[in-house]
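Residue numbers (the numbering used here): 408 to 876.
From the three backbone atoms N, C-alpha and C, an ideal C-beta is built for every residue, glycine too.
Below is one structure, written out as structure tokens, with a few remarks after it.
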């Protein structure tokens with residue numbers, strides 16, 4: 408596949424129309440040569456950003472962001488090996504900075520699947536979010552909670568299957584897969600350790616939101632860390648508000664369904680089965696077929712069979728815990744903005760969800776006598792790596808996409824067919840996709856679709872899209 412990558416086609420720049428003027432500083436030669444390579448390995452993230460240098464110390468400053476694909480993807484190991492081999496080739500074996508955004512398999516699997524290929528790349532530094540620090544007290548507490556939840560979910564998964572609750576078990580298994588559970592091998596913890604081992608300890612850094620921006624040597628560009636937030640109220644907030652959602656509409660989603668049922672006087676169902684397929688617990692307790700689950704036959708409580716009952720609260724709790732663990736981990740995403748020397752911004756939101764996004768609003772920096780804020784960086788964004796594969800809670804509306812007046816290109820690493828097989832029916836979210844198309848005038852790149860027209864200088868290959876922002 409690496410050979411196919413080299414045979415990609417490059418498109419010529421489409422002329423700008425007078426109807427869409429851009430308010431921006433004149434682009435420097437360096438900014439005009441910036442390239443972004445988005446890999447097309449499936450539902451997962453891997454990017455290579457190339458920033459030209461003017462200091463004579465190499466041809467470019469390269470930033471790699473994540474390296475993974477969803478557990479269960481056909482040919483996953485071979486795909487990730489091809490991706491890393493291509494990065495080694497195009498970079499000449501040198502990547503200045505690796506950003507590992509969070510502990511999910513679709514962002515880190517490649518660090519295990521392509522370990523041999525990684526030996527051909529020398530990394531200048533590796534950054535992760537503060538949430539991955541093994542010495543930070545807050546991070547350690549959050550990690551301990553996460554590990555306890557994973558252990559509980561593994562047990563619940565087994566019990567659900569033994570009890571015949573296959574549909575709920577499948578949901579739990581799918582969410583556990585984000586941590587590498589069920590793959591018969593390495594976990595996300597192993598993958599993070601492999602990423603850490605790519606550099607000596609003194610070149611491994613756990614980044615903080617709002618810390619002083621890093622000047623990327625020889626490029627004139629700066630890297631700003633936006634998230635994850637330290638405030639746990641925001642860190643643990645994944646979903647939009649119900650009364651005034653901060654995100655785009657989720658048609659026929661949970662909130663909409665509850666609203667419709669509330670308006671009709673009906674009570675939304677709490678369980679996974681239709682009412683016609685359920686027996687009230689009080690009735691089941693008295694039925695001969697189920698009596699043994701509450702009695703041992705001698706008048707005792709029958710606690711030895713208690714685990715088989717799967718009372719409604721426990722059943723729902725397993726699925727809810729799995730979903731909460733998934734969302735909370737997404738919200739630990741290392742989100743960054745790369746400010747080019749002409750003032751334009753490349754926004755990489757990883758899988759940041761509502762609380763992570765909201766925390767950027769209060770970030771401020773003083774840079775060479777000028778004030779830079781989180782909202783200011785969003786307003787100057789010309790490229791947006793769409794959060795969490797285009798899901799419903801990973802792109803804010805008024806405080807997010809609607810502020811990106813200069814947006815030219817949006818990129819979504821997604822495989823809608825795979826997502827639908829996992830019953831993720833709104834990935835990407837149609838209303839968000841429609842608005843992205845409008846904001847970029849059709850320049851939305853999806854890894855599961857052919858490239859649209861209008862992206863000048865695009866190199867279109869089976870393994871990647873390579874383009875200027």
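Report task. Write down the C-beta distance between residue 810 and residue 785 rounded to the nearest angstrom, noting that I regard them as a contact closer than 8 Å. Result -> Taking the first residue of the chain shown as position 1, residue 810 is located at position 403. Taking the first residue of the chain shown as position 1, residue 785 is located at position 378. 5 Å between Cβ atoms; contact.
Report task. Would you list the residues sitting across from residue 825 in a DSSP beta bridge? Result -> The residue given as residue 825 occupies position 418 in the chain shown. Paired residue(s): none; residue 825 is not in a bridge.
**Report entry** Of the residues 861, 803 and 854, the one placed nearest residue 453, counting alpha carbons only
**Finding:** The residue given as residue 453 occupies position 46 in the chain shown. Closest option to residue 453, Cα to Cα, is 854.
Query - Meets three-Cβ-pair contact criterion under 8 Å: the region 513 to 529 and the region 742 to 753 - result: no
Query raised in the report: How many whole angstroms separate the CB atoms of residue 599 and residue 507, which I take to be in contact at a CB cut-off of 8 Å?
Result: As a first step, residue 599 is located in the chain shown; it is residue number 192 there, counting from the start. As a first step, residue 507 is located in the chain shown; it is residue number 100 there, counting from the start. That belief holds up - the Cβ atoms of residue 599 and residue 507 are roughly 7 Å apart, short of 8 Å.
**Report entry** Exposed unless 16 or more other CB atoms sit within 10 angstroms - verdict on residue 626
**Finding:** As a first step, residue 626 is located in the chain shown; it is residue number 219 there, counting from the start. With 16 or more other Cβ atoms within 10 Å, it is buried.
Requested in this report: Can you grab the Cα-Cα spacing for the pair residue 643 / residue 737, in whole Å?
Outcome: Position 236 of the chain shown, counted from the start, is the residue given in the question as residue 643. Position 330 of the chain shown, counted from the start, is the residue given in the question as residue 737. Rounded to whole angstroms, residue 643 to residue 737 spans 10 Å at the Cα level.
Query - Buried/exposed call for residue 933, threshold 16 Cβ in 10 Å - result: What the structure shows of the chain is the stretch from 408 to 876, and residue 933 is not part of that stretch, so it cannot be assessed.
Requested in this report: Say whether the region 737 to 748 touches the region 529 to 547, bearing in mind that this needs 3 or more beta-carbon pairs closer than 8 Å, one atom from each stretch.
Outcome: yes
Query raised in the report: What's the gap between the Cα of residue 860 and the Cα of residue 630?
Result: The count along the chain shown starts at 1 and reaches residue 860 at position 453. The count along the chain shown starts at 1 and reaches residue 630 at position 223. Using only the alpha carbons, I get a separation of about 30 Å.
Report task. Please name the residue in 509, 865 and 440 whose C-alpha comes closest to that of residue 467. Result -> Along the chain shown, read from residue 1 onward, the residue named residue 467 stands at position 60. When each option's Cα is compared against that of residue 467, the closest is 440.
Query raised in the report: On the premise that residue 497 lies in contact with residue 745, defined as a C-beta separation below 8 Å, what is that separation, rounded to the nearest angstrom?
Result: Counting from one through the chain shown, the residue named residue 745 turns up at place 338. Counting from one through the chain shown, the residue named residue 497 turns up at place 90. Actually they are not in contact, since the Cβ atoms of residue 745 and residue 497 sit about 18 Å apart, beyond 8 Å.
Query raised in the report: Which whole-angstrom value is the C-beta distance of residue 502 and residue 472, which I expect to be below 8 Å?
Result: The residue labelled residue 502 in the question sits at position 95 within the chain shown. The residue labelled residue 472 in the question sits at position 65 within the chain shown. So it is not a contact: roughly 10 Å between Cβ atoms.
**Report entry** C-alpha distance - residue 652 paired with residue 802, whole-angstrom precision
**Finding:** Indexing the chain shown from 1 puts residue 652 at position 245. Indexing the chain shown from 1 puts residue 802 at position 395. Whole-angstrom Cα-Cα distance: 11 Å.
Query raised in the report: Tell me the DSSP bridge mates of residue 519?
Result: Residue mapping note: residue 519 aligns to position 112 of the chain shown, counting from 1. Its beta-bridge partners do not exist; DSSP assigns none.
Requested in this report: Using beta-carbon positions only, say whether residue 538 and residue 549 come within less than 9 Å of one another.
Outcome: Working through the chain shown from its first residue, we reach residue 538 at position 131. Working through the chain shown from its first residue, we reach residue 549 at position 142. Taking 9 Å as the Cβ cut-off, residue 538 and residue 549 qualify as a contacting pair.
Query raised in the report: Between the beta-carbon of residue 639 and the beta-carbon of residue 760, is there less than 9 Å?
Result: Locating residue 639 in the chain shown gives position 232, where the first residue counts as 1. Locating residue 760 in the chain shown gives position 353, where the first residue counts as 1. Their beta carbons are not under 9 Å apart, which means residue 639 does not touch residue 760 by this criterion.
Query raised in the report: Span of the alpha helix (DSSP H) holding residue 602?
Result: Along the chain shown, read from residue 1 onward, the residue named residue 602 stands at position 195. Here the alpha helix (DSSP H) through residue 602 covers 595 to 603.
**Report entry** Residue environment, residue 558, which counts as buried when at least 16 other CB atoms sit within 10 Å
**Finding:** As a position in the chain shown, residue 558 is number 151, starting the count at 1. Looking at its Cβ environment, which holds fewer than 16 other Cβ atoms inside 10 Å, residue 558 is exposed.
**Report entry** Other residues of its chain near residue 448: CB distance less than 7 Å, five sequence neighbours each side excluded
**Finding:** As a position in the chain shown, residue 448 is number 41, starting the count at 1. For residue 448, where only same-chain residues beyond five positions count, the Cβ hits under 7 Å are 476, 486, 487 and 490.
Query raised in the report: Once you ignore the five residues that flank residue 428 on each side, which residues in its own chain have a CB closer than 7 Å to its CB?
Result: Residue 428 sits at position 21 when you count from the first residue of the chain shown. Residue placement at residue 428 is poorly supported in this model, since its pLDDT is 33, which falls under 50; the coordinates still yield a value, given next. There are no such residues.
Requested in this report: Just tell me which of 478, 479, 443 and 482 has its CA closest to the CA of residue 470.
Outcome: Locating residue 470 in the chain shown gives position 63, counting from the first residue. Nearest of 478, 479, 443 and 482 to residue 470, Cα basis: 443.
Query raised in the report: Within 10 angstroms of its Cβ, does residue 862 collect 16 or more other Cβ (buried), or is it exposed?
Result: Working through the chain shown from its first residue, we reach residue 862 at position 455. It counts as buried.
Query raised in the report: Which two residues bound the contiguous beta strand (DSSP E) that contains residue 528?
Result: Translated into the one-based positions of the chain shown, residue 528 becomes position 121. Run containing residue 528: none; DSSP gives neither H nor E here.
Query raised in the report: Residues in its own chain within less than 7 Å of residue 858 by CB, not counting five upstream and five downstream?
Result: As a working note, residue 858 is residue 451 in the chain shown. Closer than 7 Å at the Cβ level, and outside the excluded window around residue 858, lie 852, 865, 867 and 872.
Query raised in the report: If you drop the 5 nearest sequence neighbours on each side, which residues of the same chain put their C-beta closer than 7 Å to that of residue 633?
Result: As a position in the chain shown, residue 633 is number 226, starting the count at 1. If we look at residue 633 and ignore the five residues flanking it on each side, its Cβ neighbours are 616, 742, 743, 744, 767, 770 and 781.
Query raised in the report: Can you tell me the Cα-Cα spacing of residue 604 and residue 807, whole angstroms?
Result: Taking the first residue of the chain shown as 1, we reach residue 604 at position 197. Taking the first residue of the chain shown as 1, we reach residue 807 at position 400. About 35 Å.
Query raised in the report: Can you tell which of 791, 547 and 479 has its C-alpha closest to the C-alpha of residue 516?
Result: Taking the first residue of the chain shown as 1, we reach residue 516 at position 109. Residue 479 is the option with its Cα nearest to residue 516.
Query raised in the report: residue 560 to residue 554, Cα distance in whole Å?
Result: For the purposes of this step, residue 560 is taken as the residue at position 153 of the chain shown. For the purposes of this step, residue 554 is taken as the residue at position 147 of the chain shown. Approximately 10 Å between the Cα atoms of the pair.
Query raised in the report: Contact check, residue 796 vs residue 821 under 8 Å by CB: the rounded distance?
Result: Reading the chain shown from its first residue, position 389 is the one you call residue 796. Reading the chain shown from its first residue, position 414 is the one you call residue 821. Sure, about 4 Å apart at Cβ, within 8 Å.
Query raised in the report: If you run the structure through DSSP and keep just helix, strand and coil, what is residue 484?
Result: Reading the chain shown from its first residue, position 77 is the one you call residue 484. Note: residue 484 maps to helix in three-state DSSP.
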